[in-house]
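Residue numbers (the working numbering), protein chains in the order written: chain A, 246 to 372; chain B, 246 to 372.
Single-structure report; data block below.
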DNA sequence: CTAACATATGAATAGTTGTTCAAATGTTCA
DNA sequence: TGAACATTTGAACAACTATTCATATGTTAG
């Protein structure tokens with residue numbers, strides 16, 4: 246992030262290369278800023294390897310923190326921190342059974358997003 | 246990231262809560278680590294609002310840096326830096342026409358990923 | 001109650017990231 | 001050639017992030 250508070254004149258291409266027709270057309274087609282921020286937030290959450298591993302695991306099965314930690318070779322604490330982020334983003338839900346808390350995906354859209362990313366990567370890194 | 250080099254004993258749930266059947270099953274279903282890292286990298290790139298705006302714009306039309314800067318109210322320099330990241334991830338391609346460089350999406354998988362994210366957000370933040 | 005365990009939380013911290021500014025390329029045209 | 005412009009690049013820095021450690025919370029069994 247790091248937005249500096251300088252007030253220098255922004256050299257934003259004032260002159261010739263502007264294609265106002267394109268700008269106009271694109272501007273109307275853009276996703277609303279607020280929605281786009283939500284989408285970016287979703288991708289950001291899924292953009293961390295540890296969290297994506299967790300998502301990957303939860304696509305396959307409901308799991309407790311302890312199992313996730315063992316599976317991903319992470320500290321339960323680290324897993325818990327990441328689960329908190331996934332919880333705050335409504336990507337996962339949980340249920341308690343005694344001392345153990347089981348996490349699972351909150352909806353199937355998440356796995357759709359995951360698989361779409363997978364498709365991209367598979368087609369990209371392949372002969 | 247920030248991986249500390251401590252060598253404390255990792256308290257990784259050694260005792261009772263382990264579900265070895267689940268662990269075994271999930272372990273075999275997991276996406277290969279290297280592929281998963283690529284997917285995470287893709288989401289990470291698309292997880293920044295500025296870059297996602299650029300992607301959003303390029304879904305609608307090929308555009309030059311100057312137009313992107315004007316559309317998104319960013320410095321050409323900032324746009325260029327972000328385009329470099331999108332270029333390095335093979336998300337965009339470009340062509341030169343005189344002084345102007347036009348960017349466009351490298352393939353349609355990118356927009357599929359974008360739309361899948363959009364679907365998730367629309368269903369999530371809606372009655 | 002207390003001990004044992006699963007999970008959560010807070011603070012600290014090293015690594016990372018996005019923007020800015022200034023300066024460098026590369027291209028066209030007079 | 002040299003001025004003008006579009007774009008790129010590098011350094012610097014403030015803001016942010018993920019992990020770690022230590023500690024707290026919540027639950028069960030004895």
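Using N, Cα and C, we set each Cβ at its ideal position, and we do this for glycine too.
- By the beta-carbon neighbour count (other beta carbons within 10 angstroms, threshold 16), residue 370 (chain A) is exposed.
- Residues of chain B with a Cβ closer than 8 Å to the Cβ of residue 356 (chain A) do not exist; the shortest Cβ-Cβ separation is about 10 Å.
- Per DSSP, residue 263 (chain B) lies in no beta strand (DSSP E) and is assigned neither H nor E.
- Out of A:301, A:281, A:299, A:309, the CA that lies nearest to the CA of residue 339 (chain A) is found in A:309.
- Looking from the CA of residue 312 (chain B), the closest CA among B:267, B:346, B:293 belongs to B:346.
- Residue 275 (chain B) sits in coil when the DSSP states are folded into three classes, being neither helix nor strand.
- Contact with chain B is found for residue 306 (chain A), since one of that chain's Cβ atoms lies less than 8 Å from the residue's Cβ.
- Remark: C-beta atoms of residue 363 (chain A) and residue 274 (chain B) do not approach each other more closely than 8 Å.
- Going by beta carbons, residue 360 (chain A) and residue 303 (chain A) fall outside the 8 Å limit.
- For residue 338 (chain B), no CB of chain A lies under 8 Å from its own CB, so it is not counted at the interface with that chain.
- For residue 272 (chain A), the nearest beta carbon of chain B is closer than 8 Å to its own beta carbon.
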